[in-house]
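Residue numbers (our numbering), protein chains in the order written: chain A, 7 to 420; chain B, 4 to 479. In this text, a Cβ means the ideal position worked out from N, Cα and C, and glycines have one as well. Only one structure is covered here, and it is reproduced in the block below.
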């Protein structure tokens, strides 16, 4: 294959890697200011006892927020090999780079494990000796114990890290050798791995997010988080591709056809998320059983009313109409706008999933400001991680056997 | 066809020309030719291909269809229709309470809104496609050319319509010849006679008339009477070799279809009919008193000692239901409630007054669980007759609701345990039998729990063990 390509156009210079500490620093300072904000606001009962609880929930929310991008990327890579897709070959390396951020992001989970080991029950109420609810006590007997929880978390991370780094290494090895066998191996393993992936994401969602309210359960919850992950991943891909192209990289490798396809996926997963989110709601709505509805009770009738119903418009109706037109999906600025919109909506969605369980103090402003700063901080850390991984690596898998197919593909005019 | 029906040159009027049609061997030639025709400014063109050709729309210069926009509008109309409909029906016109959910638009309105959006969109896209393509069209002038049959097989055709505003017969011919078609024909009007052959018309008419005959026969039969017996299409289903209850038979000497119990056998569950544990009363004592009539008294449960039945709930929650009892609805329970002494009043029926199960912690828990599952919906958790069903029925204020009995009125408090057990087993008034959902042991456990509830509302210091009485003193 022709290897005469302009290296400068598809690689980030090492100087970019040097910027990652700046991003990391900005991220950490944002989070610290956020923590300060939590302790600024008095809780409902006047003191600041609720601040730490709010902090733990906020941290988990923002951690899950950036983790979902990488999980979406991992699934995307697996499914590209499973279906032997050609169209995505030129954007696949970017997705692979997002995918191999998992080992770095896993480090951010350590504080949660430390919190758990110290016996704190602010975030996970089941991590306590005195459990009032009989339902929770039963779950906390075997499944929701801090030891078993830690083991499970490590298993999820181990699986994701092994899968993502292995696939990434094979892809990088293909850069050197151009061996098509490396693609075949990945195609062969994509099927089994995708099954394990779906299990791991489902249980991770149950353990990390759903057990924040240990009395409540929803069997569709894993799919909910998966749908949100995929949607968030495509939004992130569109944003990153456009930022790189604005910096003069990968100009001719990511065409309007690829944006169109990513836009279609984004549109599709916006609808899929809505479908799953509504499926979860409507069953509880009809059944109207107290132990199932209390989760929605806090969200639909309490202080979080605006956010929960706002998601219908902000997370579904508006982007649905906005992304519906083919002209928008083929328009760079239009697509970028909706991708950024979705990134914000996804953050609100994660907030909707976790934060109502932290309660809301007498003052809303400072806790929410702190939470928002935490989200910005985590995104900044995500950017730092991305630069660490992306610098010095070709941003297109130049010797992928399906690359010509990706460059030739055009969406039919309907 | 053109070979079969050569046109006569002597015809007074030449056939109408509809345009030119060029034929190509593959889609690449067609695309090249189509672009050339498009660039020459012709818009009333069409291409006919055996399979969908990518890029043909762009090559022919076909503008994007407005169908998606129509579908979008229809979708919005459907959405608004559904939301308006549900808001009106469930929020304004016919407010119907469904498990205390709010009226009007709720998350439960979304599925209907979704369905109508899809329905309107689907109909619009389907019917809109038909309309925009001006279908159904039974004939097209291009069909007159016999070569055109291969458009569904292996040939590609480009057609320039004479209706185009720049159409000029000679220049179009020249333009298409320049694209090197395999053949170039003018599309001419079909001059074969269009009248149907007489035989076909006659046959069709006859068939239509013949088709009316069955309908006429049926109509005639529906309007007239017949003495003939019914036609048994499935004879063996109408007359089955089996016996129904109370019919005679020749198989047994006594000619009875229904067989009495064989001597010396015991039917399943038959022994329970003799056991007070399953009945709540002593059946041998019952049959000894007052002949067979006493069984009826057990079934109707007359009040003991001639005391009038008291159906009024003890708490104030049932106050709005008061008119219900004064209403002129002479239902049996209402009559009882009004204080008419039932027949058999004053009899001392042989109810069991000692619980056949131990008053253990385990039984008490069982009774509590069962009471809260099955009884509390009407009788309330504390047994005051103020359960959710009662509250709801009361709120509806329909006038004929008889409140559930409170456990804490004198009448119930004085009832022997056997009578309470019997009430659970057989039901009473509006209350149904719970024998199918509660085993006898569970029913006794519920009785135990009811007794505990009654004691909890009406206990004195003497009921507390002496050594525990000190705990009752208010701590200072």
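For the region 57-110 of chain B, the continuous alpha helix (DSSP H) assignments of 4+ residues that do not extend past its boundaries occur at 59-63 and 70-89, in sequence order. Annotated three-state conformation of residue 421 of chain B is helix, per DSSP. Counting the other CB atoms within 10 Å of its CB gives residue 389 of chain B a total of 16 or more, which places it among the buried residues. For the region 310-335 of chain A, the beta-carbon criterion of a distance under 7 Å to any beta-carbon of chain B is satisfied by none of its residues. Two segments are said to touch when three or more pairs of C-beta atoms, one from each, lie closer than 8 Å; by this definition the region 443-450 of chain B touches the region 354-370 of chain B.
Within 7 Å of the CB of residue 418 of chain A, the CB atoms of chain B belong to 57, in sequence order along the chain. By the C-beta density criterion, residue 95 of chain B is exposed, having fewer than 16 other C-beta atoms within 10 angstroms. Closer than 8 Å at the C-beta level to chain A, one finds these residues of the region 113-147 of chain B: 113 and 114. Secondary structure at residue 244 of chain B: coil, using DSSP grouped into helix, strand and coil. Counting along the chain, residue 163 of chain B sits inside the beta strand (DSSP E) bounded by residues 159-164. By the neighbour-count criterion, in which a residue is buried when 16 or more other Cβ atoms sit within 10 angstroms of its Cβ, residue 353 of chain B is buried.
Segment contact: the region 233-245 of chain A against the region 343-356 of chain A, three or more CB-CB distances shorter than 8 Å; contact assigned. Under the Cβ criterion (8 Å, minimum of three pairs), the region 452-460 of chain B counts as touching the region 404-412 of chain B. In the displayed model, residue 383 of chain B falls within coil according to three-state DSSP, outside both helix and strand. Counting the other Cβ atoms within 10 Å of the Cβ of residue 461 of chain B gives fewer than 16, which makes it exposed. The same chain holds no residue with a CB closer than 6 Å to that of residue 431 of chain B once the five nearest residues on each side in sequence are set aside.
In the DSSP annotation of this structure, residue 269 of chain B is not part of any beta strand (DSSP E), being labelled neither H nor E. Approximately 11 Å separates the beta-carbon atoms of residue 165 of chain A and residue 204 of chain A; this is outside 8 Å, ruling out the contact. For residue 393 of chain B, the number of other beta carbons within 10 angstroms of its own is at least 16, and it is reported as buried.
Here DSSP, grouped into helix, strand and coil, assigns residue 431 of chain B to strand. Taking the Cα of residue 163 of chain B as reference, the smallest distance to any Cα among B:156, B:153, B:145 and B:155 is reached at B:145. In this structure the region 180-190 of chain B does not lie against the region 82-94 of chain B, because fewer than three pairs of beta carbons, one per stretch, are closer than 8 Å.
Using beta-carbon distances, residue 110 of chain B counts as an interface residue toward chain A, with a partner under 8 Å.
In terms of beta-carbon proximity, residue 292 of chain A lines the interface with chain B, with at least one pair separated by less than 8 Å.
Ranked by how close their Cα comes to the Cα of residue 232 of chain A, the residues A:75, A:28 and A:394 have A:75 in first place. In terms of beta-carbon proximity, residue 84 of chain A stays away from the interface with chain B, with every pair separated by 8 Å or more. Secondary structure note for residue 280 of chain A: its alpha helix (DSSP H) is the uninterrupted segment 262-293. DSSP places residue 440 of chain B outside any beta strand (DSSP E), giving it a letter other than H or E.
Between residue 229 of chain A and residue 282 of chain A, the beta carbon gap of about 5 Å places them in contact (Cβ cut-off 8 Å). With a threshold of 8 Å between beta carbons, residue 262 of chain A makes no contact with chain B. Nearest to residue 331 of chain A by C-alpha distance, out of A:321, A:266 and A:82, is A:266. When Cβ pairs closer than 8 Å are counted between the two stretches, the region 58-66 of chain A is seen not to touch the region 24-33 of chain A, the count staying below three. Residue contact check for residue 276 of chain A against chain B: no CB pair falls below 8 Å. Boundaries around residue 64 of chain A are those of the alpha helix (DSSP H), 56-88, since no beta strand (DSSP E) includes it. Going by C-alpha positions, residue 188 of chain A is about 14 Å away from residue 88 of chain A. Taking every protein chain shown into account, the CB of residue 421 of chain B has 16 or more other CB atoms within 10 angstroms, so this residue is buried.
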